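Residue 315 in the UniProt record's numbering sits at position 315 of the sequence shown; the count goes up by one each step and never skips. Note that beta-carbon positions come from the ideal geometry of N, C-alpha and C, so glycine has one too. All values derive from a computational prediction rather than experimental measurement.
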Amino acid sequence: MPRTSAVDRAQEVYATSYRRLVGQLTGVTGDPVEAEDAVVEAFARAVSSPRSFRAADNPEAWLRTVAVNVTRTRWRRSRFFRDVSEQLVRAEPPGFGAIVERARTARRRRRTTIGLAAVVVVVGLAFAVGGPGDRSADPSPPAPTTTTWDGTSAVDATLPSDVRAVLDDDRLDLWTAAGSSGAVAVLWRGCDQEPCRFALVTRDGDQVSGSALGASFPRLSAVPNGWLVEDATGTIRLSPSGDRAQIYVTGPGGDDVMEGDTAVETAAGWRLLRGDKVIALPSPSGRDTVGAYVTPTGRLIAATTSGFDVSVSTTDDGRTWEMSMPSSATEPATAAVVPGNGDHVAIASLGDAPDGSMPVVEVQLSHDAGATWTAARGLDTVGGDRVRDLSAVAVAPDGTTYVTTGSHHLVRIDPEGNALPIQLSSFDSSVFVVDDTVCVVSERGRIDQLSCSDDGGTAWAGRSLPGFG
C-alpha cells in the first residue's frame with residue numbers, strides 16, 4: 001500500500017484532535033488566541049516538514065510537542081495572562097485548507113517574533129561556537145546597548161485612527177520588520193478582536209506613516225527603494241516616503257532574468273519583480289524554488305528542491321544553470337534562506353528535527369555572486385546545543401552575515417566565515433540591514449525595541465519601533 005502522505009495524515013488528525021490540542025495549549029499559554037496560533041503552526045510544520053511527522057508513532061503527541069516548543073521559542077514578557085475561565089469562546093477553526101496554505105506560502109524561517117506565553121530559559125550560549133565537543137568558547141558580550149529613547153510605549157498620535165486601534169491592542173505582535181533605503185517598515189498584528197487585524201507602519205527619518213491592511217496573512221518584503229506589500233486589496237510597491245505604486249502580477253511564463261530584477265516571495269511562490277510587474281522566476285527543470293537572490297548584474301542564485309533535497313544553482317540568463325554550491329552538511333536540508341547584498345550572498349540551509357524544530361544544518365557564504373563558497377566555521381550544527389529555529393538572515397554591504405535564531409539569539413559571521421554569537425536581550429529576532437546599519441528586534445518592555453549597530457556589531461543603540469516612541 002502507498003504510504004499516507006503528511007498532508008493526508010495531518011488532515012485526519014486535524015479533524016479529530018484540533019480542538020483538543022487548542023484546549024491543551026490554552027492551559028499552557030493562558031490565552032486561546034495564542035494557543036490556536038501555536039497549534040496552527042504545528043500543523044503547518046507537519047505539512048511542510050513531513051519526514052519526522054510521518055515517522056511519529058503518535059501524530060497528536062508530535063503536534064502537541066511541536067506546539068509547546070513553538071510557545072517556548074516565541075515567549076515574550078509582554079504577553080498579558082488571563083485566567084482560562086475568563087476567556088471568550090474562540091471562533092470556528094481556520095479550516096485545514098488555510099493550514100496547508102500557511103505551510104505552502106510561509107518561509108521556512110519561523111515567525112519567532114509572534115509572542116506566546118510560556119517561560120523559556122535560554123541556556124548554552126557559550127556552546128554556540130566551536131564544534132560539538134568544544135565547550136570552552138565563552139564569547140565576550142557586545143558593548144552594552146545604549147538607548148536614544150526613553151522606552152515609552154505610547155502609540156504615535158500622528159498615525160491614522162485605524163492604525164492606532166491595532167497598535168493599542170493588548171495582544172499586539174510584531175509580524176514582520178524590514179529595512180530599505182534608510183527607512184524601516186514594521187507589520188503589526190493585533191488580536192484583541194476576531195479576526196486579528198494588521199497594520200503597516202513605516203518610518204523614514206522623522207516621517208512616520210501607516211495604514212491598516214485587509215488580509216489574514218499579509219506580506220511585507222524589502223525591495224530596492226521600498227517594500228512590496230501584499231494584502232486582500234492587491235500588491236503594491238511602497239516607498240519610504242509613503243508613495244504607492246500598483247504592481248501587476250502576471251501569469252506563468254518567462255524564463256529569463258535581467259539586470260535590475262529582484263527575487264521576491266509572494267503568496268504564489270517565488271517570483272521576479274521587474275518594474276511594475278511580478279513575473280515568473282526561472283528554475284531548473286522539475287524543481288521548486290525555496291529561496292532566491294538576484295545580484296545587481298542580473299545573476300540569479302536559487303535554492304531549489306525536488307521534494308527530497310535542497311541544492312543551489314546559479315544562472316545568468318534563466319536557461320543555463322550551474323550547480324554552484326558543494327555541501328558539507330551531515331544531514332539533508334528541507335529548506336533554505338537566501339539573502340544577499342551586492343555580490344555577497346549567504347545560504348542558510350535548514351533541516352527537519354523529530355521534535356518539529358528546524359535546525360540550521362549549514363551556512364555558506366559567497367563574495368563573488370555564487371562562483372565560490374565558504375562554509376561558516378564555529379556554528380554547532382550537529383551537537384546537542386545546535387543552532388535552530390532561524391527567524392531571519394541578513395547580509396551587510398561588507399559581506400558580514402547576521403543570523404537570528406530561537407536558540408542562540410544573534411550570530412555574526414564575518415566575511416571569512418567565522419561565527420560569533422551575540423546576545424542583546426533575552427530574545428533577539430528579525431535581523432535586517434538598512435544601508436550600513438544592522439538592526440535586530442530585541443526584547444524590552446511590552447513593545448520591544450530595535451537594537452542597531454553601525455560599526456559591525458561592536459556597539460548597539462536602542463531605538464523605538466515604528467508606530468511607538
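Let me know the secondary structure DSSP gives residue i once reduced to three states.
i      : result
Asn418 : strand
Val155 : strand
Trp227 : strand
Gly235 : Here residue 235 is Thr; the residue named in the question, Gly, does not match the sequence. Of the three classes helix, strand and coil, the one that applies to Thr235 here is strand, per DSSP.
Val40  : helix
Val208 : strand
Glu322 : strand
Ile301 : strand
Val249 : strand
Ser453 : strand
Thr458 : coil
Leu213 : strand
Val122 : Confidence at Val122 is low in this model, with a pLDDT of 26, below 50, so the placement of that residue is unreliable and no value is reported for it.
Pro284 : coil
Val257 : coil
Asn58  : coil
Glu34  : helix
Ser241 : coil
Ser48  : helix
Can you tell me the Cβ-Cβ gap for residue i and residue j, rounded? I've got them flagged as a contact below 8 Å.
i      : j      : result
Ala346 : Thr401 : 4 Å
Ala371 : Ala336 : Contact doesn't hold; Cβ gap of about 18 Å is too wide.
Tyr14  : Phe43  : 6 Å
Val363 : Leu379 : 6 Å
Ala178 : Ser221 : 7 Å
Ala348 : Val411 : Not quite, the Cβ-Cβ distance comes to about 10 Å (not below 8 Å), so this is no contact.
Ala10  : Val47  : 5 Å
Leu273 : Val223 : 6 Å
Strictly by DSSP, which residues pair up with residue i?
i      : result
Thr266 : Gly269
Gly340 : Val345
Trp188 : Leu174, Ala199
Arg219 : Glu230
Gly179 : Val184
Phe468 : Val155
Arg412 : Tyr402, Leu420
Arg274 : Lys277
Just to confirm the assignment, what range does the alpha helix (DSSP H) spanning residue i have?
i      : result
Thr29  : 6 to 29
Ala329 : Unbroken run through Ala329: none, as it is neither H nor E.
Ala165 : 161 to 167
Starting from residue i, follow the beta strand (DSSP E) in both directions and report where the run begins and ends.
i      : result
Ser391 : 390 to 395
Asp288 : 288 to 294
Phe432 : 428 to 434
Val310 : 310 to 315
Val441 : 437 to 442
Arg446 : Neither: Arg446 is in no beta strand (DSSP E) and is coded neither H nor E.
Val278 : 277 to 280
Gln246 : 244 to 246
Gly462 : 461 to 463
Does at least one heavy atom of the ligand COA sit under 7 Å from the Cβ of residue i?
i      : result
Glu331 : With respect to small molecules bound, the structure shown includes none, and the ligand COA cannot be examined in it.
| request: Could I get the ranges of all uninterrupted beta strand (DSSP E) runs contained in the region 350 to 410, with 3 residues as the minimum, in chain order? | output: 360 to 366, 390 to 395, 401 to 405
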